[in-house]
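*Asks:* Take this structure first; my questions come after.
Protein chains: 2
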Amino acid sequence: MEDMRDPLHPPVESLDLATILAALSDPTRLAILVRIADSAGEVRCGGFGDMGTKSNLSYHLAKMREAGLVNTRNEGTSRYMSLRRDDLERLFPGLLDQLIASARSTVKSDVTLPDDAGVGASN
Amino acid sequence: MEDMRDPLHPPVESLDLATILAALSDPTRLAILVRIADSAGEVRCGGFGDMGTKSNLSYHLAKMREAGLVNTRNEGTSRYMSLRRDDLERLFPGLLDQLIASARSTVKSDVTLPDDAGVGASN
DNA sequence: TCATTTGTTCAAAACCTATTGAACAAATGA
DNA sequence: TCATTTGTTCAATAGGTTTTGAACAAATGA
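In order, the protein sequences belong to chains A and B. In terms of our numbering, the numbers along the first sequence are unbroken and rise by one, the last being 167. In terms of our numbering, the numbers along the second sequence are unbroken and rise by one, the last being 167.
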C-alpha cells in the first residue's frame, strides 16, 4: 500500500477543537469560510484575491487546511478549496453550520464583484 | 448618570466573533467554559485551581472576560464567573450552546475532585 | 522551447500569546 | 491592628502569528 497518507490534510482523528477555533479566530479566515460555504462546493484560491496578497492568502488557506477545515484539489495550475463537511460533522456535529451562520452575520461580504470576478489578475 | 460604563465587561455591541473564537482557541479555556457550563450558574475563580497557577488562570479568565464570554461578580475576597448567555444568544443565536457541546466532547473533565473541592489552597 | 498563470515557500519584521514567580491590593476575621 | 485568603498586576522569557515582497516551482499554452 506504499504509505497512502495525505501530507496536506490531517486525518479526522487528529483534528481538535482548539485548533479549529484558532483557524477561525481571524476576520479574513471567517470571510473565507463564508465564501466557500456560499459557493457551489468549491472555490478556486484565486477567488479570494480581493482579500489580500497572494502570499498572505496562501498562508491563511494553509492555516485552515492544517486545522482540518478545508480540502484542496488541484486542477492545472489552479487549486480548489472545499469544506471538510463530513469529517467535521462526524467529530463535532452541528458545529460547522453554526460557525458559518454566526460568521455570515458578522462578515462584510459587501464586495460587489466586478464582471470578471474570479478571472482577474494576481499580486 | 456619571458614566456608568463597566470597565471589566465589554458591551454587547462591541463583541465580535473572531475575538470570541480566539478566546476559545485554547484547551485550558475550553475546559473553563465547560466547567462553568456544568455548574449551577457560577464558579468561583478558585474552582479552576486544578488547571494551572493562580496568575496563569487569572490571565485566561481575563481573556474570556475581555472577549465577552463571561461575567464576573465579587463577593468578599472571591470572584465568581458566569456565562454571558443572554448577550451571546442575542448576538450569535445558538453559538454558545454549540461550542459548549463540542467542547464537552473534547475536554478531559476526568478530574475526580477531592472531597474539599473548591475550598482548597492556592499557588 | 519559452513565456504565462497560479500558487507556494522563504526570510525578515513587527507584533501578540502563554507562562512563571514575585510583588501587590482588598476584604475578612482573629 | 495584623495575619490570612483570594485574586490581580508586573516584568521577564520563550515562542507563535501575521504580513510583506522576492524567489521559486509546476502546469499550461503559444
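C-beta: ideal position from N, C-alpha, C; glycine also. This structure is a prediction, so every number in the text was calculated from the model and none was measured.
In whole angstroms, what is the alpha-carbon distance linking T197/B and G91/B?
*Replies:* The question about residue 197/B has no answer here: the residues shown for chain B are numbered 45 through 167.
*Asks:* Along chain B, in chain order, which residues have C-beta atoms closer than 8 Å to that of V55/A?
*Replies:* The residue asked about is misnamed: residue 55/A is Pro in this sequence, not Val. Per Cβ cutoff of 8 Å: no residues; P55/A is ~16 Å from chain B at best.
*Asks:* Counting C-beta neighbours from all protein chains within 10 Å, is the total for V37/B 16 or more, i.e. buried, or is it exposed?
*Replies:* Because residue 37/B is not part of the residues shown, which for chain B are 45 to 167, the question remains open.
*Asks:* Compute the distance between the beta-carbons of E133/A and L140/A, then report whether it is under 8 Å.
*Replies:* Contact: yes.
*Asks:* Determine, for D70/A, whether the minimum Cβ-Cβ distance to residues of chain B falls below 8 Å.
*Replies:* At least one beta carbon of chain B lies nearer than 8 Å to the beta carbon of D70/A.
*Asks:* Distance, Cα to Cα, G112/B vs R128/B?
*Replies:* Taking the straight line joining both Cα atoms gives about 7 Å.
*Asks:* By a C-beta neighbour count over all protein chains shown, 10 Å radius and 16 as the cutoff for buried, is L77/A buried or exposed?
*Replies:* buried
*Asks:* Quick check on D159/A - is its C-beta less than 8 Å from some C-beta in chain B?
*Replies:* Model confidence at D159/A stands at a pLDDT of 37, short of 50, so the residue's coordinates are unreliable and nothing is read from them.
*Asks:* Taking 7 Å as the limit between beta carbons, can you name the residues of its chain near T121/B, skipping five residues before and five after?
*Replies:* none
*Asks:* Which of the residues in the region 88-119 of chain B, read from start to end, lie with their CB under 9 Å from any CB of chain A?
*Replies:* none
*Asks:* Roughly how many angstroms separate the alpha carbons of H104/A and N115/A, rounded to a whole number?
*Replies:* About 14 Å.
*Asks:* DSSP puts R117/A in a beta bridge; with which residues?
*Replies:* According to DSSP, R117/A bridges with Y124/A.
*Asks:* Counting only beta-carbon atoms, is S58/A nearer than 8 Å to chain B?
*Replies:* Between S58/A and chain B, the shortest Cβ-Cβ separation is not below 8 Å.
*Asks:* Just to confirm the assignment, what range does the alpha helix (DSSP H) spanning R49/B have?
*Replies:* R49/B -> no alpha helix (DSSP H), and no H or E assigned at all.
*Asks:* Near L59/B, which residues of its chain fall below 8 Å by C-beta distance, leaving aside the five closest residues on each side in sequence?
*Replies:* A111, G112, D131, L132 and L135
*Asks:* Strictly below 7 Å CB to CB, what residues from chain B border S146/A?
*Replies:* L61, F136 and L139
*Asks:* Considering only C-alpha positions, which residue in the set L74/A, P137/A and A84/A is nearest to S146/A?
*Replies:* Closest option to S146/A, Cα to Cα, is L74/A.
*Asks:* For V87/A, which beta-bridge partners are listed by DSSP?
*Replies:* Paired residue(s): M125/A.
*Asks:* Can you tell me whether DSSP reads D70/A as helix, strand or coil?
*Replies:* coil
*Asks:* In terms of residues, what are the limits of the alpha helix (DSSP H) holding S146/B?
*Replies:* L139 to R148
*Asks:* Please report how far the alpha carbon of I80/B lies from the alpha carbon of P54/B, in whole angstroms.
*Replies:* 19 Å
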